Amino acid sequence: MEETILLYASAVHVNTVSLLAQFISKHNPCIPIVIISTIAVASGGVTVASVTYHRLPTPDLPPNLAPDSLELFLEIPRLNNPNLHEALQQISRKSKIKAFIIDFFCSPAFEVSRSLNIPTYFYVSSGAFALCVLLYFPTIHETVVEINIGDLNDFIDVPGCPPIHSSDFTKGMFYRHTNTYKFFLDAAINMQKSNGIIVNSFDALEFRAKEALSKGLCIPNAPTPPTYFVGPLVAETNSQNNGVEHECLRWLDLQPSNSVIFLCFGRRGLFSAQQLKEIAIGLENSGHRFLWVFMVEEMKVALPLEEADGGFVTAAELEKKVKELMGSTMGRGVRHRVAKMKVAAEAAVGKNGSSVIALDKFIESVTRN
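Laid out in structure tokens, this is it:
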């Protein structure tokens, strides 16, 4: 019977899961891989013959939850467990499933795969910092007794991470009575029970987090599952645009070396029109070229900026920090470290790189069972 590896992706992580599938296939082309999800992979998202796709039907959604709510998003995998159970049984009749890799947001699938005695792993696309927080969350739940993280207004120590202010935790972890809190807690417990965890990172980038994980500090009262740093998983420049280079990249190629500031605020969070205006003014006044990547009404600053009341960042503060980054001794040091990290990232996924070695260890653990 043919052996196979399955990956189960949430709606927002299909692309990054497909990158993991292709990375596995690139170094292990003889192992068929199946991606399972409720939505289709983006055009050009899967370009390897040994990677196929199995689409699950969308489950009936409860009418009492807002269609764009986090609670509904986290509920969909649980509602789809019957369809997943059927799909796993169907695949098992034709292939021997050596590993079932679950996107973190698909955590409810853990009970299905475990009931079928399928070796189950988790995939965390957000990096090792996030993994440390997730694995330590049950400990926080037990030690911060009867206090909501959202009401704490204090720093929380997490192994492998700098102290994290309670307000900087994901809002789904804020209040114990909510379904989102229960989801994160259950997911963390499931991860602790899994066969292993794959994280989108590499040794040189998050060595502090890796050390905490390897020493078992994030799960103080139980063994830590094997953790595999396999990253960075990044799409090739033109792979998702039919080979046509994006105009932003063409513009970048025309700029002098080390002259552009890149801003990317991610896909979660919200800025007011006033805050957007302040950011734009600060960037303009800094006198430096900048490339600003954003999605309207979905941005979040991750720069070390001094905040005014309500977390507002002024144009003057942004202008000051941009000039420091581009012109000061400290800024040159930051840029130098970033350049070194770029080289380290390329080395990690290259021949005999740390991420390739970690992948080999994962495949070895999977295939020997």
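No gaps in the numbering here: position 56 of the sequence shown is 56 in the UniProt record's numbering, and each next residue is one more. The C-beta atom is built at its ideal place from N, Cα and C for all residues, glycine as well. It should be emphasised that the depicted structure is a prediction, and the values quoted were computed from it without experimental measurement.
query                                                                                                                                               : result
Give me the Cα-Cα distance between S18 and K26, rounded to the nearest whole angstrom.                                                              : 12 Å
Across which residues does DSSP place T143 in a beta bridge pair?                                                                                   : T143 pairs with nothing; no bridge assigned.
Do you know whose CA, among N81, F73, R114 and V112, lies nearest F105's CA?                                                                        : F73
Select from S259, P232, F174 and P59 the residue whose C-alpha is nearest the C-alpha of N148.                                                      : F174
Taking all protein chains shown into account, decide if E346 is buried (16 or more other Cβ within 10 angstroms of its Cβ) or exposed.              : exposed
Could you tell me which residues DSSP puts in a beta bridge with A99?                                                                               : I5
So, is the C-beta of I357 closer than 8 Å to a C-beta in chain B?                                                                                   : In the structure shown, chain B does not exist; there is a single protein chain.
So what does DSSP say about H85, is it helix, strand or coil?                                                                                       : helix
Buried or exposed, going by whether 16 or more other CB atoms sit within 10 Å of the CB of G287?                                                    : exposed
How should V34 be labelled, buried or exposed, when 16 other C-beta atoms within 10 angstroms of its C-beta is the threshold for buried?            : buried
Please name the residue in V343, L65 and P108 whose C-alpha comes closest to that of N83.                                                           : P108
DSSP on I118, reduced to helix/strand/coil?                                                                                                         : coil
Could you have a look at E298 and say whether DSSP puts it in helix, strand or coil?                                                                : No answer about E298 holds up, because its pLDDT of 31 lies below 50 and its placement is not dependable.
With DSSP as the reference, please indicate the residues paired to S37 in a beta bridge.                                                            : R55
According to DSSP, F155 sits in a beta bridge with which residue or residues?                                                                       : H165
Quick test of your reading: F100 and L6, contact by CB under 8 Å. State the CB separation rounded to the nearest angstrom.                          : 5 Å
Looking at the structure shown, is G333 part of a helix, part of a strand, or coil, going by DSSP?                                                  : helix
Please identify the residue among S214, D154, E2 and G150 whose C-alpha is closest to the C-alpha of K96.                                           : E2
Would you decide whether S259 is buried or exposed? Buried here means 16 or more other CB atoms lie within 10 Å of its CB.                          : exposed
Below 8 Å on the Cβ atoms is my guess for E206 versus G127; work out the distance and round it to an integer in Å.                                  : 6 Å
I'd like to know whether the C-beta atoms of D197 and L20 end up nearer to each other than 8 Å.                                                     : Per the sequence presented here, residue 197 reads as Ile, with Asp not at that position. Contact: no.
Taking buried to mean at least 16 other C-beta atoms within 10 Å of its own C-beta, is V230 buried or exposed?                                      : buried
Confirm, please, whether the CB-CB distance from H141 to A87 is below 8 Å.                                                                          : no
Under a Cβ-count criterion, where at least 16 other Cβ atoms within 10 Å of its own Cβ denotes burial, should K182 be classed as buried or exposed? : exposed
Can you check whether the CB of N80 is closer than 8 Å to the CB of T139?                                                                           : no
Whose C-alpha, out of D360, G160 and S166, is nearest the C-alpha of V215?                                                                          : The question names Val, but residue 215 in the sequence shown is Lys. When only C-alpha atoms are compared, the closest one is G160.
State the Cα-Cα distance for the pair C218 and L131, rounded to the nearest angstrom.                                                               : 9 Å
Under 8 Å by Cβ, that's how I've got P77 and S10 pegged, so tell me the actual separation to the nearest angstrom.                                  : 7 Å
Using the C-alpha atoms, what's the distance from L65 back to S194?                                                                                 : 30 Å
By the 10 Å Cβ neighbour count, where 16 or more other Cβ atoms means buried, how is H165 classified, buried or exposed?                            : exposed
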